[in-house]
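Protein chains in written order, with this note's numbering: chain A, 13 to 349; chain B, -9 to 344; chain C, 2 to 566. We put the CB at the ideal spot given by N, CA and C, even for glycine. Data block below; observations after.
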Amino acid sequence: MLKRKASHVLAALFFFNSFFAINTAYAEQVVVYSARIEQLIKPMFDAFTKDTGIRVRYTTDKEGALLARLKAEGKNTPADMLITADAGNLWEAARAGLLMSVNSEVLSKNIPAHLRDPENAWFGLSVRARTIVYNTRKVDPTDLSTYEDLADAKWEKRLCLRTSKKVYNQSLVAMMIAEHGEAESEKVVRGWIANLATDPLSDDTRAMEFVAAGRCDVTLVNTYYYGRLMKKDPNLPLAIFWPNQNNSGVHVNISGAGITRHSKNEKAAIKLLEYLSSKKAQNLFADVNMEYPVNPEIEPDPVVAAWGSFKQNPMNIVKAGELQTTAVKLMDRAGYR
Amino acid sequence: MSIPLLKLENIRHSYGEQTVVNDLSLILEKGEIGCLLGPSGCGKTTVLRCIAGFEPVVSGEILINGNEVSNAVFSVPPDKRRIGMVFQDYALFPHLDITANINFGLHQLAKVERRSRVDELLQTVGLIDVAKKFPHELSGGQQQRVALARALAPRPDLLLLDEPFSNLDVNLRERLSIEVREILKNQETTAILVTHDQHEAFTLADQIGVMNQGEIQQWDTAYNLYHRPASRFVANFIGQGVFLPGKVLESFQIKIELGVLTGNIHQERQEILELYDQGSQVEVLLRPDDIVYDDASPLKAVVEHKAFRGADILYTLRLAGGSMVLSLIPSHHNHVIGEIIGIRLEADHVVAFR
Amino acid sequence: MNDESFGITTKNKSVNLDFPHNILSNRYRRVTGWRLVAFFVAALVLIPIGVVFSSFFSPETDIWLHLVETTLLGLLINTFWLSLGVVVGTTLLGVSLAWFTAVYEFPGRRFFSWALLLPFAIPAYVTAFVALGIFDFTGPVQTTLRTWFDSDVPWFPDIRGRLGVIIVMTLAFYPYVYLLARNAFLTQGKRSLEAAQSLGLNRRQGFFRVALPMARPWIAGGVMLALMETLADFGTVSVFNYDTFTTAIYKAWFSMFSLSAASQLASLLIIIVFIVIFLEQQFRSRIRYAETKISQHADRIKLTGWHTWAVTGLILFVLFFAFILPVSQLSFWVVNSYTHDFDKQRYLEFLWHSLSLSGLAAFLTCVVAVLMVYSVRRHPDGMTRSAVRVATLGYALPGSVLAVGIFIPIAWLDGQLSGWAMQLFGVETGMLIQGTLVTMLIAYLTRFLAVSHFPIDSAMQRVTRSIDEAAMGLGLSGWSILQKVHLPVLRTGIFTAATLVFVDVMKEMPITLMTRPFGWDTLAVRIFEMTSEGEWEQAALPAITLVLAGLIPIILFMRQTEKTS
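In structure tokens, the structure reads:
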């Protein structure tokens, strides 16, 4: 009887033991919290491990959840690096003191100044350009000019927009506020809403499908969504137009990273960060998702290159974070859902 | 002649291969209380459920008020039969309070009428005080009364009671069955009761059918069932008694070990008598009250066993020839086991089977 | 060793002639034990809820003012209509389907009765996405119509509107009501219906006046789950871009970087649900739902003529839109794009993680739910009741908010532990609890206790109290009564609960994402990875695997219940 009990206890112990994650510190490893999804980041990690022998362990989640997690863990956090798919959350992480300032010549050299934090708490790794896509059968591209122009009455019932809840639209408006001020920007956003052909849509792809199907004529999307959609159906009557080429340039957001303040493997983490900005990793960034490499020396994917080159908005992307809340409130006021 | 309220004609019911009701017929007049009495598994509840319409009949027919409600091909649904039913487990609606339970069947009445009918019934069954309680808050006896009131509320043509007192303790059972009979008679309700308890049947019913293996053995009054059972089964099932071998004599008398029985065989059981030729061997039923204590009697028996019954003691006595008889003797005649006592035969009715 | 606290009183099992006294003393001794279970679990759930409520210590007047001035009223109106629509929709659909499959006989009845659970295996947002893809302006239906009529079809209902969300959510959540209501109808026994018939009510009247009211705890439980799921939903409404209260929560958190404001908003959800639960239970506090005796089931009534067609038609209609259509779309996508992502080894791993986590969580939540339900039965006082009510509130919170609420105290505890370890032993322990499956399971418990509680609680309503008393009279102690008397009766309830939790956990995202140990990716995590960058077609593979895995408990469940009924 006793023997059986003892064996049960042992079995239970073994069982539970297997539940506990191994916390053994590897000599060389980097722990990453990533809001950039696995398949868009794993190839770079694999390459890094192959080249350096440093192990990368990562977990993915939404930005908000990862930030909350870092805050809760405080100095005990196992994370060395935070990767996000937008600038706003990196700015917030830096503001909340979750990231450390990194001074690295390699990073300064590889990453243009406007795509990294002025305090060096975070760095852009790939560029996500938000541009105009239009129906080639219904729109003469010479009628297109700027984001702001889409507020003009001539686009009445011709515009489709993705929801304002998506961070890319929030960044776009935030950068607009940085450039024109709140009042002017609100006028633009109200103009967009007045021109909507249908209620805001839940994602970029759907917005383009609506344009292609003739429900509306123009929309604003990130270029890689356009790339993906055209790859699936090259015959869609859609084309990219690069707006604001004569003034501020195309709005870009970044997918980027920063080193956590309480990183236990700071050196290895910086090494990884530098690696991600390097030529090799940047090429992978260009390949995996038809995004633009942040490193200006690297050519984008040939498909992407075929869309033509464009002038980026040179204003530091940190503004997207600083003004994000203002932008969200503005869009709420303007009735942009 | 008036149409009987309930008429069953040769009904038959079976679950698959197994026949549970076999060619059963009975008639119940308006205002009468009938009872189906029998051991468990005899098919009595099935008959009740056939009358209610919960079970179909394989053949035969059921008529209520002269209208055919069940036959082999057709069955009026229970809700169209104008019957009321009191279930063995009462089946009170647990989610409704007492008033709502009684009110349940009154859906066709106007609101005012409903209220007065519910009040009337609460009065009748003496449950005014608990009108707003829920079934689980009542005692077993109270629940029973609610079940009765609920079934009576819509003034059914026929009330069916399925072992209504079997969940109650003995005292309550007796008291309630008297009460229920009074209520039924006052309301002039025709009712049919199913039970395995003969005392319940005796107190409540006017006519009792003793059932065995899907058939009614005898449909009769309580008195006749006891004193003039039509079959060995009925004789055995109702009351106590033993069978002693006897021989039919010329003068329509039967000779048994204890003497010769004359009784009133001739008038009362002529049909039985005709069956038995002179000189043939029969078995005679002796009830405990057929044998009385008589110190002076030459007939002696040994006390084998005794059971104290209060006013009486039920003695099991061994006769000289070895057969056992029962005798109910006033309890002041207290004999010990093994004692030899004098007895005398005093039978009014002679019941004999071949 | 735990005799005192858990009421294991084996020594009193022997027959004791003096038993009335024995019962009393046992009861007295058990008081602490059973209540402790309830209080402990309630506390466990209360911690994350407390964390959420503690957000009021850091006021966010700015965001609140902004919300009140701009969107809040609209969001509340949207949420109200959505909740009302889903409550009405799931009740109508769930109860009617349950009634048809539990009481009637018609061709395919056995198959349909379990097939109707299938839609539950599909995450609501997947159904939503597929429905939009098919019925929206760019979808094949409208495109075809436009070609036929050679013009726009403005008369075509806008699926992105309120009605569309309500329909999709109803189709996704009706299984809660269906499963519980069916359970109620199957265990109801025929006696009450017969009583109703003997009182002159036909079958239909009997349904509305007896069967339906007697199934109320079950139906209410199922509807509560559907309502909580609706209130906490973010995925489905964002596919439709239909703004609800949850939208405001996520906007405050993700867009305005204020977790406090998000938590404050979320605590309002808890209050709403608490009030609804409280009112519902208050309303039926004195009513009982146990029949005096569980009699045999009624024979099924054969449906004939157009009734058969109507019922079969309704079932097929539901199955088509809630299951066949989404699964066909997913299969189509899988065939088109599976090569991108398919890695047998990894998918087996996802599958194993999903199954084992769901299984463990289902087991744990059911055990705890039984203990809680039982402790209320033993001690039906206000304190214990409230404790249990509180313990089921975790389901009303949006998953991510609850995930943070769980994570913060665990991280804090971990910090304390490692601090002590440092002080006492000079060892750097790192995180001890966090990142283990234990954390995950506790998190699942706090979220899904409601899902296991409602079915088991309503099953307990079927057990008359006299059974307990009889068992105590026979000298059985607390544990033995539970084991020998209640568990057999609760069986169907427990199976229902386990099935629901299993499938729910498998679909669950925010808690899984936040608390999973490194490498413990599940099918749901994979779906998240794909959909968060809009790669819906690639999400089809994990999604369909998830649906298939969800069939396992559903089929097991149906086998079990067919056996018992």
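- At a cut-off of 8 Å between C-beta atoms, B:Asp284 does not count as an interface residue with respect to chain C.
- Annotation: B:Ala191 to B:Leu174 spans about 14 Å, alpha carbon to alpha carbon.
- Put simply, the backbone Cα of C:Met510 is about 13 Å away from that of C:Leu398.
- A residue is called buried when at least 16 other Cβ atoms come within 10 angstroms of its Cβ; C:Ile302 does not meet this threshold and is exposed.
- Closest option to B:Pro(-6), judged by alpha-carbon separation, among B:Pro84, B:Thr180 and B:Gly236: B:Thr180.
- Between A:Leu342 and A:Ser183 the beta-carbon gap is near 13 Å, outside 8 Å, which marks them as no contact.
- When C-alpha distances from B:His186 are compared across B:Gly33, B:Ile88 and B:Arg135, the shortest belongs to B:Gly33.
- Counting along the chain, B:His189 sits inside the alpha helix (DSSP H) bounded by residues Gln188 to Leu194.
- For B:Lys237, the closest C-alpha among the options B:Val250, B:Gln271 and B:Pro219 is that of B:Gln271.
- When DSSP states are grouped into helix, strand and coil, A:Trp134 belongs to the coil group.
- Between the alpha carbons of C:Ser56 and C:Phe408 lies a distance of about 15 Å.
- Within chain A, the residues whose beta carbon sits less than 7 Å from that of C:Glu530 are Ile49, Glu50, Gln51 and Thr72, listed in sequence order.
- Not a single C-beta of chain C is nearer than 8 Å to the C-beta of B:Arg107.
- For C:Ser259, the CB contacts under 7 Å within the same chain, skipping 5 residues up- and downstream, are Glu61, Ile64 and Ala253 in chain order.
- Residue pairing from DSSP places A:Asn147 in a beta bridge opposite A:Leu250.
- For B:Gln197, the beta-bridge partners assigned by DSSP are B:Gly24.
- The alpha-carbon of C:Gln435 is positioned some 53 Å away from that of A:Leu156.
- The Cβ-Cβ distance between C:Leu491 and C:Val371 falls below 8 Å.
- At a cut-off of 8 Å between beta carbons, B:Met314 makes no contact with chain C.
- Comparing alpha-carbon positions, the option among C:Leu483, C:Gly134, C:Val178 and C:Ala182 lying closest to C:Asp159 turns out to be C:Gly134.
- Within the DSSP secondary-structure output, B:His3 pairs in a beta bridge with B:Val11.
- Against chain B, the CB of C:Ser459 has no partner CB under 8 Å away; the residue lies outside that interface.
- Beta-bridge partners assigned by DSSP to B:Ser167: none are found.
- Annotation for B:Asp152: the continuous beta strand (DSSP E) segment containing it runs Leu148 to Asp152.
- B:Pro219 sits in coil when the DSSP states are folded into three classes, being neither helix nor strand.
- Residue state for A:Cys228 is assigned as coil, using DSSP reduced to three classes.
- Around C:Val240, the beta-carbon contacts reaching into chain A at under 9 Å are Ser214 and Asp215.
- C:Val335 and C:Pro518 have their C-alpha atoms some 28 Å from each other.
- The stretch 221 to 228 of chain C makes contact with the stretch 172 to 179 of chain C; the number of CB pairs closer than 8 Å reaches 3 or more.
- For the beta strand (DSSP E) assignment, the stretch 371 to 403 of chain C encloses no uninterrupted run of at least 3 residues.
- Scanning C:Ser376, C:Gly109 and C:Arg448 for the CA closest to the CA of C:Val38 turns up C:Ser376.
- With a cut-off of 8 Å on Cβ pairs, the stretch 265 to 275 of chain A is in contact with the stretch 79 to 97 of chain A, counting three or more such pairs.
- Put simply, the backbone Cα of B:Gln230 is about 9 Å away from that of B:Leu276.
- Using a 10 angstroms sphere on the CB of B:Val37, the tally of other CB atoms reaches 16 or more, which defines it as buried.
- In the DSSP secondary-structure assignment, A:Cys172 is bridged to A:Thr231.
- In this structure the stretch 89 to 107 of chain C touches the stretch 165 to 172 of chain C; the number of beta carbon pairs closer than 8 Å is three or more.
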